[in-house]
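Chains as they are written, first to last, in the numbering used here: chain D, 1 to 320; chain L, 321 to 606; chain G, 607 to 1039. Shown next, in structure tokens, is the structure this report addresses.
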Amino acid sequence: MSLQLKPVTRLQLFLKEFIMRNSDRSFPCRQRRGTKLTTRAIFFLFTLPAVLLYLYFIVYPLLNGLYYSLTDWNGVGRSYQFVGLANYYKIFHDKTSLSVVGRTFLYTLLLTVICTALSVFLAILLNREMKGKSVFRSIYFFPAVLSSITIGLIFNQIYNSLLPQVGSALGIGALSHSLLSSGKTAMWAILFINVWQGTALPTVIAIAGLQAIPTEIRESAKMDGASAWQEFCHVTLPLLMPTVSVIIILNVRSGLMVFDYIKATTDGGPGFATMSIAMEIYKHAFTDMKFAYSSAESTVTFLLITVIAIIQLWCSRVKE
Amino acid sequence: MRLDLNEQERKKKAFIQFLCYLFLIIGLFLILFPMYLTLVTALKSPEETSRNFFALPSSLYLENFNQVIHKANFFYYIRNSLQITVCALLGISFIVPLISYSVARNMDRVYYKLIYVLFVSGAFIPFTILMVPQIKLMSMLHLMNSWGLILLYWVYSLSEGLLLTVSFIQSGIPKEIEEAAYIDGAGVFYTFVRIVYPMMKPIIVSVMIMDALWIWNDFQLPLLMLNSSQKLWTLPLFQYNFQSKYTVAYNQAFAAFLLSIVPIMIFYLLMQKQIMEGLAAGAVKG
Amino acid sequence: MKKKLLAVTLSAAMTAALLAGCGLASTGSPADTDAEDVSADAGAEGTSDTKDADGKIHLEYFNVKSEVTGIYDTLIEKFEEENPDIEIEQVNVPDPTTVLQTRMSTGDMPDILSHWATDPVFKEMVNNDMLVDLTDQDFMKNVKPDMLDGVEYDGKAYCLPISTNAAGIFYNKDIFDQNGLEVPTTYEELIADCQKLKDAGIVPFAFFNQDSHSGQTVELLQVSDIPDFEDAFAKIYDGSAKVSDYEGFRTAAEKIVELNQYAQDDPFGTTYEQAISDFANGETAMIIGGIWMIPTINEDNPDLNYSTCAFPASEGMTTKVPYQNDHCLAISSTCENKEAALKFLAFMAEKENAQYYADQDGSPSYIEGVENNNEASAPLLQYFETGEDIGIWPDQLWQPGMIDSLNSYADELVQSGDVDAYLENIQSVLSGQ
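The following block contains the structure:
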């Protein structure tokens, strides 16, 4: 494939001459092109905008946050003091903080289990030969493109206005009140919203994963007399594991960092019943004037997520 | 005997097929029902809704939309969202390919490998840990406005963007073409602009679609950066704030929800396949 | 075909955005204009006000009191007529206190803001030099001297106080008459009245627990239940006393649980606006709150026959009426147009305008010569005439940021009924841990 290239400017002509004069005369195909200096310089320049942005807006705040977590700054005041690990100590000894963490973990566990199982199941169904397959898939995927805050707000209205009407009309006592106004049911109600929207993307991923399994393997299992269930357990599922682990990671991350749905509905209430880790960090930083404390909470959360990710990676390596 | 067995099998298969359809349709109902409610409530007057929440509207009551569009100035916020999304995407389509080309073609050098690892691992950093010091930084720089938000979107798009584009370049763009260009005397810049960038179009489009959806729908960052003034609100912020004002008159709130879903729906219907593939690929690679 | 469509759509969108993009800079908030020399020198005179492209000075007024939005719309219009070169934009956002605190912590303060002069967050602003010192301004002479020192810090005034409030119970006179009830003078009488109402099938109280009514009511109870609460909070914070040393914390907690038994259906699903609307429309007999609710009640139902009474203490204890500075105006030290902002404050301190505010709002004014013509608030305001048996709202004595957690714990208390857990929780918050 030959390309017609025309040096566009005199500068480029000049550069071409300069390059040819200063570089190795022998031009094997695989050698690095042009003068090492000019090429490397340009490659380096290409990286500059992104690297500068990243260093200044991500790495620097990250380190800043770590620093502040060792102080007692309330976020507004002029002065603050260095307190070492006092904030971290507080986190592990504060009953409310610990219950928030526990609640978020439980929420994440439930979300992951339900979404993963549901999405794999739906993927199997949607992968079968049937009429209207693409219509079904389109509709099942649709929730993923909507804004989480819109979905949260819609469900907020449904829970607050619609369901109580239905409940009292049908005489179901438990439903006559808004599900979001009782500490016992609020988190479950929010979990439902999260599952509603959170199953869409994993389902599509699972479908892709299923389609990647060559049908011959499944056919041969059937030939060997395996029942559908056996075939699923011993053939499909193991081959689907990489996809499933991706889905699990997605769900774990979105569960641990759940914020939008809570903000749209209960804002952490009633009391602390729907307070998640992310909500608490936000409140401490911007409402409760506990800036340094929330920085410490953020750091701990970061370490937690990193540990979980490492465990996840290690598990999937072992499985392979 | 054999005929009987076949019939049994066929019946069993038909039954399973029926069950599958049933399950899928129940799921369909669960998904579409909130959307149906949104549509129906937006088109009803408050009195009609209190009479019967579920029924179809008796006539197209457009007053809710009128209130949302004119009184609450809905299209103003669409414009805000659009400006921010487009500016962010333009920046991303410039910065990400630039750096990913460098990194992809220089992975044997320490500096570039370092960048790659640093950027990609950034995807693991939860927003909550960055949010507090980042907001402080932005306020110190007087960037608590739309441009600051756009800047942050550029920064946040780097992790996943780099991951996807680098793997695309490494697997999808053969080095030979570039080599040929270099032999003909073209410089790196020229090669990039005229040859590589055009070949990167598919992945750039993918990344842009993913990022477009994320930025358009994003709530947390605008909440922190733009909540100070009504003039700056994006669509998600507007919905959040609007709904608080109208907890009692929720028909208008639903009208607002409906109006904000429409652009996404159009986008989805047009670009369905690309969106599905793009998001799935992004998630898998990440 | 689809790709082409995408390309066309994107380019159209881009063009539209770019064309309108020039408008991006001018739609930004005042804070993002290049503020080079922000004068932190409070009260600096001779600062030239920066004028915008249309020759007018633009000010932002951040309003935290949603009930008075309409009042300000009228007053601002009048001010702009008298001062054609100044334009004021009133900003009302949901959850204004949170937004303001976020703006405080990001250094993005509004030009003019309203607040509560004794609030811990206000104190924080004063301590960090975020507000302009108004002590020497001419218009401060309009403020009643004996009320002024209640809102001063170290002898300096950082705000123009507008009105004060009082809290108690609003009751529906018609419902009370129809059921032969008299205004309760002890807590026990109040509960007896509630029971009578409940038996008659009338909902006694409207609680708006979704909007921290539990926390607010607990504070109101504490004012009467803890005789020396003003010291109590300070002592608990510095560690010389504990919550368990004061019986009043427990009784207040028990009372709020009891009161909620006389609430409407689903109080946690009821918002502030909804609850007031319920009371105004006669669906409940009473609502616990302060005279700040008056404008909203009158808006919802101008014909309502209602009055107020103090929240009665238990038998044998003294009933006290809690009060606080309900509304004040302050100027942020980062405001670029201080002269114009001071003009607006001077305008608000004029007797005529303060009278208008007081008439609409119903609260006693700080401004000399302004009369309070509101009948409904009279029973509560009696207490101010003698100055006896009033106490400042407890949350004014707390540290900034405590109120949110304490409100959440109060919500938990009402949901679970667990008084002991509640007391433990507030101990750790109030002691600063």
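Using N, Cα and C, we set each Cβ at its ideal position, and we do this for glycine too.
Inset, instruction - Kindly indicate the opening and closing residues of the alpha helix (DSSP H) around Ser969 (chain G). - result: Position 363 of the third sequence holds residue 969 (chain G). Here Ser969 (chain G) belongs to no alpha helix (DSSP H), and DSSP marks it neither H nor E.
Legend entry - Closer than 8 Å to chain G by CB, Gln454 (chain L): Numbered from 1 along the second sequence, position 134 holds the residue referred to as residue 454 (chain L). By this cut-off, Gln454 (chain L) is not an interface position.
Legend entry - For Gly1023 (chain G) and Asn1031 (chain G), the rounded distance between their alpha carbons: Position 425 of the third sequence, counted from the first residue, corresponds to residue 1031 (chain G). Position 417 of the third sequence, counted from the first residue, corresponds to residue 1023 (chain G). Each residue's alpha carbon lies about 14 Å from the other.
Legend entry - For Arg317 (chain D) and Val440 (chain L), the rounded distance between their alpha carbons: By one-based count along the second sequence, residue 440 (chain L) stands at place 120. By one-based count along the first sequence, residue 317 (chain D) stands at place 317. Those two C-alpha atoms are separated by around 19 Å.
Inset, instruction - From the DSSP output, read off the bridge partner residues of Ala772 (chain G). - result: Start at 1 with the first residue of the third sequence, and residue 772 (chain G) comes out as number 166. In the DSSP output, where bridge partners are listed per residue, Ala772 (chain G) has G:Tyr929.
Inset, instruction - With a threshold of 16 other CB atoms inside 10 Å of the CB of Val757 (chain G), please say whether the residue is buried or exposed. - result: Taking the first residue of the third sequence as position 1, residue 757 (chain G) is located at position 151. Answer is buried; the Cβ neighbour count reaches 16.
Inset, instruction - Name, please, each residue of chain D whose Cβ falls closer than 7 Å to the Cβ of Thr708 (chain G). - result: Here the question's residue 708 (chain G) lines up with position 102 in the third sequence. For the C-beta of Thr708 (chain G), the chain D residues within less than 7 Å are, from N- to C-terminus, Phe286.
Inset, instruction - Give the secondary structure of Gly649 (chain G) by DSSP, where H, G and I count as helix, E and B as strand, and everything else as coil. - result: Taking the first residue of the third sequence as 1, we reach residue 649 (chain G) at position 43. The predicted model places Gly649 (chain G) with a pLDDT of 29, which falls under 50 and marks its position as unreliable; any figure quoted below should be read in that light. Gly649 (chain G): coil per DSSP, three-state reduction.
Legend entry - Rounded C-alpha distance that separates Gly975 (chain G) from Asn911 (chain G): On the third sequence, position 369 is the one that residue 975 (chain G) refers to. On the third sequence, position 305 is the one that residue 911 (chain G) refers to. Those two C-alpha atoms are separated by around 28 Å.
Legend entry - Any C-beta of chain G under 8 Å from that of Lys283 (chain D): Sequence index remark: in the first sequence, residue 283 (chain D) carries index 283 (1-based). Taking Cβ atoms only, chain G reaches closer than 8 Å to Lys283 (chain D), which makes this a yes.
Legend entry - Stretch-stretch touch, CB-based, cutoff 8 Å, three pairs: the segment 694-710 of chain G with the segment 665-685 of chain G: yes
Inset, instruction - With a floor of 4 residues, list each alpha helix (DSSP H) that falls wholly inside the segment 353-402 of chain L, ordered by position along the chain. - result: 366-371 and 383-386
Legend entry - Within chain D, the residues that Pro518 (chain L) reaches when beta carbons sit closer than 8 Å: The count along the second sequence starts at 1 and reaches residue 518 (chain L) at position 198. The premise fails here: Pro518 (chain L) is roughly 12 Å from chain D at the closest Cβ pair, so nothing lies under 8 Å.
Inset, instruction - Pull out every residue of the segment 100-114 of chain D whose Cβ sits closer than 8 Å to any Cβ of chain L, in chain order. - result: none
Legend entry - Run of the beta strand (DSSP E) containing Ala891 (chain G), from where it starts to where it stops: Within the third sequence, the letter at position 285 stands for residue 891 (chain G). Its beta strand (DSSP E) spans residues Thr890 to Gly896.
Legend entry - Contacts around Asp647 (chain G), its chain only, beta-carbon distance under 7 Å, and the 5 residues preceding and following it disregarded: On the third sequence, residue 647 (chain G) is found 41 positions in, with the first residue counted as 1. Here the model assigns Asp647 (chain G) a pLDDT of 28, short of 50, so the residue's position is not dependable, and the following value carries that caveat. Cβ neighbours of Asp647 (chain G) beyond the five flanking positions: none.
Inset, instruction - State the beta-bridge partners of Lys934 (chain G) as determined by DSSP. - result: The residue labelled residue 934 (chain G) in the question sits at position 328 within the third sequence. Reading off the sequence, residue 934 (chain G) comes out as Cys, not Lys. Cys934 (chain G) is bridged by DSSP to G:His721 and G:Pro767.
Inset, instruction - Could you check what DSSP says for Val83 (chain D) in three-state terms: helix, strand or coil? - result: Position 83 of the first sequence, counting from 1, holds the residue named residue 83 (chain D). Val83 (chain D) falls in the coil class under three-state DSSP.
Inset, instruction - Give, in chain order, every residue of the segment 214-242 of chain D whose Cβ lies closer than 7 Å to some Cβ of chain L. - result: none
Inset, instruction - With a 10 Å radius around its C-beta and 16 neighbouring C-beta atoms as the bar for buried, classify Ala881 (chain G) as buried or exposed. - result: Locating residue 881 (chain G) in the third sequence gives position 275, where the first residue counts as 1. Counting Cβ neighbours within 10 Å, Ala881 (chain G) comes out buried, since at least 16 surround it.
Inset, instruction - Determine, using beta carbons only, whether Asp638 (chain G) comes closer than 8 Å to chain D. - result: As a working note, residue 638 (chain G) is residue 32 in the third sequence. Low confidence applies here, because Asp638 (chain G) scores a pLDDT of 29, under 50, leaving its location unreliable; read the following figure in that light. Asp638 (chain G) does not count as touching chain D.
Inset, instruction - Indicate whether Leu478 (chain L) and Val416 (chain L) have their beta-carbon atoms separated by less than 8 Å. - result: Within the second sequence, the letter at position 158 stands for residue 478 (chain L). Within the second sequence, the letter at position 96 stands for residue 416 (chain L). Closer than 8 Å, so yes.
Inset, instruction - Indicate whether at least one CB of chain G lies closer than 8 Å to the CB of Met530 (chain L). - result: Within the second sequence, residue 530 (chain L) is the residue found at index 210, counting from 1. No, because no Cβ of chain G sits closer than 8 Å to the Cβ of Met530 (chain L).
Legend entry - With 16 other Cβ atoms within 10 Å as the buried cut-off, status of Asp640 (chain G): As a first step, residue 640 (chain G) is located in the third sequence; it is residue number 34 there, counting from the start. Summary for Asp640 (chain G): the model assigns pLDDT 26, below 50, so the residue's position carries little reliability, and this model does not support an answer.
Inset, instruction - Taking only beta carbons into account, state which residues of the segment 261-280 of chain D come closer than 9 Å to chain G, listed in chain order. - result: Thr266, Asp267, Gly268, Gly269, Pro270, Gly271, Phe272, Ala273 and Met275
Inset, instruction - At 8 Å on the CB atoms, spell out the chain D contacts of Gly1007 (chain G), in chain order. - result: Within the third sequence, residue 1007 (chain G) is the residue found at index 401, counting from 1. Those within 8 Å of Gly1007 (chain G) in chain D are Asn74, Thr287, Asp288, Met289 and Lys290.
Legend entry - alpha helix (DSSP H) segment containing Thr914 (chain G), residue limits: Within the third sequence, residue 914 (chain G) is the residue found at index 308, counting from 1. Thr914 (chain G) -> not in any alpha helix (DSSP H); beta strand (DSSP E) instead, spanning Tyr912 to Cys915.
Legend entry - Of the listed residues D:Leu48, D:Ala174 and D:Thr116, nearest to Val244 (chain D) (C-alpha basis): Taking the first residue of the first sequence as position 1, residue 244 (chain D) is located at position 244. When only C-alpha atoms are compared, the closest one is D:Thr116.
Inset, instruction - Check each candidate in L:Asp538, L:Asn571 and L:Tyr570 and name the one with the smallest Cα separation from Tyr261 (chain D). - result: Taking the first residue of the first sequence as position 1, residue 261 (chain D) is located at position 261. Answer by Cα proximity: L:Asp538.
Inset, instruction - Starting from the beta carbon of Arg128 (chain D), find every residue of chain L whose beta carbon is closer than 7 Å, and list them in chain order. - result: On the first sequence, residue 128 (chain D) is found 128 positions in, with the first residue counted as 1. Residues of chain L whose Cβ lies closer than 7 Å to the Cβ of Arg128 (chain D) are, in chain order, Cys340.
Legend entry - Contact check, Asn156 (chain D) vs Thr265 (chain D), beta carbons under 8 Å: Taking the first residue of the first sequence as position 1, residue 156 (chain D) is located at position 156. Taking the first residue of the first sequence as position 1, residue 265 (chain D) is located at position 265. Yes.
Inset, instruction - Report the residues of the segment 538-551 of chain L with a CB closer than 8 Å to any CB of chain G, ordered along the chain. - result: Leu544, Asn547, Ser548, Ser549, Gln550 and Lys551
Legend entry - Buried/exposed call for Phe885 (chain G), threshold 16 Cβ in 10 Å: Translated into the one-based positions of the third sequence, residue 885 (chain G) becomes position 279. Flag for Phe885 (chain G) reads buried.
Inset, instruction - Please compile the residues from chain L whose C-beta is within a distance smaller than 8 Å of the C-beta of Val51 (chain D). - result: In the first sequence, the residue the question calls residue 51 (chain D) occupies position 51. Within 8 Å Cβ-Cβ: Ile419 and Ile435.
Inset, instruction - Please decide whether Glu730 (chain G) counts as near chain D, where near means a Cβ-Cβ distance under 8 Å. - result: Locating residue 730 (chain G) in the third sequence gives position 124, counting from the first residue. Glu730 (chain G) counts as touching chain D.
Legend entry - Nearest-angstrom Cα separation, counted from Ser401 (chain L) out to Ser466 (chain L): Locating residue 466 (chain L) in the second sequence gives position 146, counting from the first residue. Locating residue 401 (chain L) in the second sequence gives position 81, counting from the first residue. For Ser466 (chain L) and Ser401 (chain L), the distance between alpha carbons rounds to 10 Å.
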